[in-house]
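Here is the structure we will look at.
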């Protein structure tokens with residue numbers, strides 16, 4: 001005789017939703033997130049969010065502060081104290097907002113949407129923190145961060161459907177069309193420097209609620225703008241100060257960096273940039289992952305100075321290895337290897353975490369940046385933000401023993417095409433010439449998979465349903481560069497966008513190619529202010545959750561990589 005499945009909080013909640021006409025059935029999918037199946041819903045079999053223990057203690061005296069403290073303490077094995085405390089504060093903010101909204105409707109004794117969402121937030125957080133799964137136990141910080149953002153986003157999306165304020169508002173794309181923001185000639189734009197235009201898109205939309213988006217348009221032909229990509233940590237991580245010292249007209253935050261990954265090992269460290277970085281013609285970091293990158297070529301020809309975007313990977317990249325015995329320059333030998341030629345292969349974290357050298361006459365080098373960190377003819381751990389270079393041993397210089405501990409190896413890179421400045425991000429939103437034959441967002445095709453950083457994308461469990469601060473860039477057929485800094489985490493002014501929403505925004509602004517850069521708390525846009533003579537941050541701070549017109553000071557996160565837009569050099 002087949003026994004019925006055990007009663008869980010999820011099965012109780014699902015039954016409640018199905019029976020009620022006033023509850024949106026989409027809530028069931030939200031409650032299922034972060035569980036393997038419908039039976040994976042541990043915790044007390046009731047619908048009380050504050051009952052978080054399966055004991056006689058039915059209601060904890062303060063479930064919010066208890067879980068906030070657990071987050072701040074138990075995530076210290078993966079992230080630093082500041083990050084753990086910030087994740088705890090975000091959890092507490094969302095839970096408190098949902099509890100306050102539920103109290104507003106406490107005259108109605110039936111279960112509310114806000115109560116169900118708060119239930120899921122608490123139960124899934126406890127489940128994540130309490131896991132004994134070997135793999136998931138190493139991803140607690142990532143998953144806590146994700147579930148908090150997810151429940152926040154879904155509470156907003158579900159709220160928009162019921163909001164009287166939003167029901168008759170335009171969609172985001174309709175608002176862009178209404179204000180004619182697809183052209184710099186719109187009265188909404190202010191030309192604050194020759195060829196540089198700025199507008200703020202602010203209002204209520206039907207699909208994303210309140211929006212606050214800063215738009216920067218640069219006419220690359222008339223402005224003769226120079227784009228400079230750099231590792232900001234080498235100079236200044238305050239974007240306003242960096243723009244000032246570099247003489248930039250405008251600046252935005254750049255690409256991804258190591259942050260929430262649990263296995264960051266020396267020589268890598270937290271805040272290291274991820275992916276291609278070319279600055280002033282020098283390849284600082286190779287395109288380990290095949291991802292969208294924004295780039296500018298400088299030289300002779302009609303395309304000089306124009307900005308392009310495309311997916312760039314390691315195919316055709318030249319790895320120039322300098323080998324010396326004991327660091328003695330007189331013994332220096334050079335080995336040039338081209339990826340995907342003569343059985344030379346690149347293996348990264350999107351492929352595997354461990355690489356086994358399968359052929360006897362091959363060898364592997366584990367490389368991070370410009371350093372070789374390990375050599376083996378048997379097996380190697382694949383570096384988090386680096387790669388393993390595998391090749392036949394007969395390509396090495398005669399008499400050179402690569403796996404000799406006395407041999408020092410450094411690496412330089414040559415790209416198969418000339419780029420003066422470039423910064424990787426991803427994914428590519430759309431392109432008028434897509435080499436993959438499609439124009440849809442495809443994370444896996446850009447190596448956002450496995451344990452490839454950032455794991456917030458590679459191991460996403462929300463399927464692009466989170467409303468978050470975003471940074472996107474695109475180009476138009478008329479030779480303009482368009483940058484959008486999308487604010488979020490502000491209940492009154494800006495909820496944020498999904499990746500697809502950011503893509504739709506850039507398309508509505510007239511872009512024919514567009515891509516994503518790092519968003520979230522790192523998103524930043526700085527413009528030169530002619531009146532004050534200073535460089536000012538124009539976007540809202542999005543580190544903490546804000547609601548009900550809060551104006552408390554918000555710490556500004558440092559920018560670890562940046563893209564500067566400079567005037568032409570004086571002749």
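Numbering (UniProt numbering), first residue to last: 1 to 571.
C-beta atoms are modelled at their ideal positions from N, C-alpha and C, and glycine is treated no differently.
**Asked** Roughly how many angstroms lie between the CA atoms of residue 568 and residue 296, to the nearest whole one?
**Response** 14 Å
**Asked** Mind checking whether residue 483 and residue 511 have CB atoms under 8 Å apart?
**Response** no
**Asked** So, residue 128 versus residue 148, is the Cβ gap smaller than 8 Å?
**Response** no
**Item:** Euclidean distance between Cα positions of residue 455 and residue 261
**Value:** 6 Å
**Message:** Between which two residues does the beta strand (DSSP E) holding residue 64 run?
**Reply:** Element bounds for residue 64: not the beta strand (DSSP E) but the alpha helix (DSSP H), 63 to 74.
**Asked** Are the region 335 to 353 and the region 385 to 401 touching by the rule of at least three beta carbon pairs closer than 8 Å?
**Response** yes
**Asked** Are there three or more Cβ pairs, one per stretch, closer than 8 Å when the region 224 to 237 is compared with the region 496 to 504?
**Response** no
**Request:** Please classify residue 188: does DSSP put it in a helix, a strand, or coil?
**Result:** coil
**Asked** Can the beta-carbon of residue 513 be found closer than 8 Å to that of residue 526?
**Response** no
**Message:** So if DSSP puts residue 332 in a beta bridge, which residue, or which two residues, is it bridged to?
**Reply:** None; residue 332 has no bridge partner.
**Message:** Nearest by alpha-carbon distance to residue 332: which of 402, 390, 387, 351 is it?
**Reply:** 402
**Prompt:** When DSSP labels each residue in this structure, what does residue 459 get in the three-state scheme?
**Reply:** coil
**Request:** Using the Cα positions of residue 168 and residue 206, report the straight-line distance between them to the nearest angstrom.
**Result:** 7 Å
**Request:** Determine, using beta-carbon pairs with one atom in the region 408 to 419 and one in the region 309 to 325, whether at least three such pairs fall under 8 Å.
**Result:** yes
**Prompt:** Is residue 475 helix, strand or coil by DSSP?
**Reply:** strand
**Request:** Can you give me the Cβ contacts of residue 391 inside the same chain, cut-off strictly under 6 Å, excluding the 5 residues immediately before and after it?
**Result:** 337, 344
**Request:** With a floor of 4 residues, list each alpha helix (DSSP H) that falls wholly inside the region 478 to 513, ordered by position along the chain.
**Result:** 499 to 508
**Item:** Cβ-based neighbour list, residue 5, same chain, cut-off 8 Å, excluding 5 preceding and 5 following
**Value:** 11, 38, 39
**Where residue 217 falls: helix, strand or coil (DSSP)** = strand
**residue 575, DSSP secondary structure in three states** = With the chain covering only 1 through 571, there is no way to say anything about residue 575.
**Request:** Enumerate, from N- to C-terminal direction, the unbroken beta strand (DSSP E) stretches of 3 or more residues contained entirely within the region 382 to 442.
**Result:** 387 to 392, 407 to 414, 421 to 424, 428 to 431
**Asked** Should residue 56 be labelled buried (16 or more other beta-carbon atoms within 10 Å of its own) or exposed?
**Response** Note that residue 56 scores a pLDDT of 43, beneath 50, so its modelled location is shaky; the value from the coordinates is reported in the next line. Residue 56 should be labelled exposed.
**Asked** Given that a residue counts as buried once 16 or more other Cβ atoms are within 10 Å of its Cβ, and exposed if not, what is residue 490?
**Response** buried
**Asked** According to the neighbour-count rule (16 or more other Cβ atoms, all chains shown, within 10 Å of its Cβ), is residue 417 buried or exposed?
**Response** exposed
**DSSP bridge partner residues for residue 251 (one or two, in chain order)** = 526, 564
**Request:** Entirely within the region 9 to 54 and at least 4 residues each: give me those alpha helix (DSSP H) ranges in chain order.
**Result:** 9 to 19, 26 to 32
**Prompt:** When the Cβ atoms of the region 421 to 429 are set against those of the region 278 to 295, are three or more pairs found closer than 8 Å?
**Reply:** yes
**Prompt:** Going by alpha carbons, who is nearest to residue 566 out of 277, 224, 478, 92?
**Reply:** 224
**Message:** My output table needs one value for residue 521: the three-state DSSP class, helix, strand or coil.
**Reply:** helix
**Asked** If we call anything under 8 Å between Cβ atoms a contact, is residue 153 one with residue 466?
**Response** yes
**Whether residue 350 touches residue 450 by CB criterion (8 Å)** = yes
**Message:** Below 8 Å on the Cβ atoms is my contact criterion, and I expect residue 487 with residue 542 to pass it. Report the Cβ-Cβ distance as a whole number of Å.
**Reply:** 6 Å
**Request:** Starting from residue 470, follow its DSSP beta bridges and name the residues at the other end.
**Result:** 486
**Prompt:** From which residue to which residue does the beta strand (DSSP E) around residue 134 run?
**Reply:** Segment: none, residue 134 is in no beta strand (DSSP E) and carries neither H nor E.
**Request:** Give me whichever residues DSSP pairs with residue 127 in a beta bridge.
**Result:** Looking at the DSSP assignment, residue 127 forms no beta bridge with any residue, so it has no partner.
**Request:** Using the Cα positions of residue 520 and residue 255, report the straight-line distance between them to the nearest angstrom.
**Result:** 12 Å
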